[in-house]
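Novice: What the sequence shown shows, in full-length UniProt numbering, is residues 1 to 233, in sequence order.
We put the CB at the ideal spot given by N, CA and C, even for glycine.
Mind having a look at this structure? Questions to follow.
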Amino acid sequence: MLEKNVTLSLKGCVQGAAMCIPVSPGIIALGAAFGTVAVQKGLTFLETLMINSLVFAGASQFVAMEVYSDPLTWGALVAMVGVTGAVNMRMLLIGASLRPWLGRVPAHKTYPALFFLTDLNWLLALSEYNKGTRDWGIYLGSGLFTWAVWSLSVVPGYFAGSLISDPKAFGLDVILPAFFAALLVPLWKGKRQTVSWLIAGGVATVTWMLVGGYWSIFTGAIAGAVAGAYLDD
Numbered sequence: 001m002l003e004k005n006v007t008l009s010l011k012g013c014v015q016g017a018a019m020c021i022p023v024s025p026g027i028i029a030l031g032a033a034f035g036t037v038a039v040q041k042g043l044t045f046l047e048t049l050m051i052n053s054l055v056f057a058g059a060s061q062f063v064a065m066e067v068y069s070d071p072l073t074w075g076a077l078v079a080m081v082g083v084t085g086a087v088n089m090r091m092l093l094i095g096a097s098l099r100p101w102l103g104r105v106p107a108h109k110t111y112p113a114l115f116f117l118t119d120l121n122w123l124l125a126l127s128e129y130n131k132g133t134r135d136w137g138i139y140l141g142s143g144l145f146t147w148a149v150w151s152l153s154v155v156p157g158y159f160a161g162s163l164i165s166d167p168k169a170f171g172l173d174v175i176l177p178a179f180f181a182a183l184l185v186p187l188w189k190g191k192r193q194t195v196s197w198l199i200a201g202g203v204a205t206v207t208w209m210l211v212g213g214y215w216s217i218f219t220g221a222i223a224g225a226v227a228g229a230y231l232d233d
């Protein structure tokens, strides 16, 4: 069922952006790390800015860089598109979950706004939606903030090189996972839902142990969605 009282306000956008501030060090660390990877792969500064801001895909960007070669061949290009699509397949499910909220928003506003969809602002928006918030500025503001911080953070990484190539050295790699884990708490609706969560986590863990890389994101999302469709209330 589509929501009827959907609004968009500057206050909501500011609130959404403010909610992302605690996790911004983790975003900056990952963005800077990508800048370092890009310069090591031989990308120019302009190319790095463009891929970081226009692709805006987080983990998939690192996966794509693992496949990237200079000079770029058609085979490598197809592989980059393939792995990026596979890792981001979860966005189909994430986007569908926003349908009840954004379904009544005009298409010329909704589709451009979906460019700023990430795991972070989706969790924030969904948490607020479950609390009764119908101002989708929460989603838009948090997405714009995340994109801006991510786009700018690549600059110091590109020029600083190996100095910030390893966020783990500063403990910044745990900020995003801890933030996501904290956001999951208010989304829990009962013991029955826990089963689908455990299935998603279990499948993702097994995939990571057997295959490695980022395939666990894809398999965990699919397994959790299928389990949720049959088990959740």
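Determine whether the beta carbon atoms of G35 and V226 lie at a separation below 8 Å.
Specialist: no
Novice: Put T118 into one of helix, strand or coil per three-state DSSP.
Specialist: coil
Novice: Please report how far the alpha carbon of T205 lies from the alpha carbon of W215, in whole angstroms.
Specialist: 10 Å
Novice: Measuring alpha carbon to alpha carbon, tell me which residue in T146, V83 and F115 is nearest I94.
Specialist: F115
Novice: Look up T44 in the DSSP assignment and say whether it is helix, strand or coil.
Specialist: coil
Novice: Could you tell me if N5 is buried or exposed, where buried requires 16 or more neighbouring beta carbons within 10 angstroms of its beta carbon?
Specialist: exposed
Novice: Should the segment 75 to 90 be regarded as contacting the segment 54 to 67, the criterion being three or more beta carbon pairs within less than 8 Å?
Specialist: yes
Novice: Around the Cβ of I21, are there at least 16 other Cβ atoms within 10 angstroms (buried) or fewer (exposed)?
Specialist: I21 should be labelled exposed.
Novice: My output table needs one value for T133: the three-state DSSP class, helix, strand or coil.
Specialist: DSSP, reduced to helix, strand and coil, places T133 outside both helices and strands of the structure shown, so it counts as coil.
Novice: How many angstroms separate the CA atom of M209 from the CA atom of A200?
Specialist: Note on geometry: alpha-carbon atoms of M209 and A200 lie some 14 Å from one another.
Novice: Determine the direct distance from the alpha carbon of G212 to that of Q40, and round the result to whole angstroms.
Specialist: Taking the straight line joining both Cα atoms gives about 23 Å.
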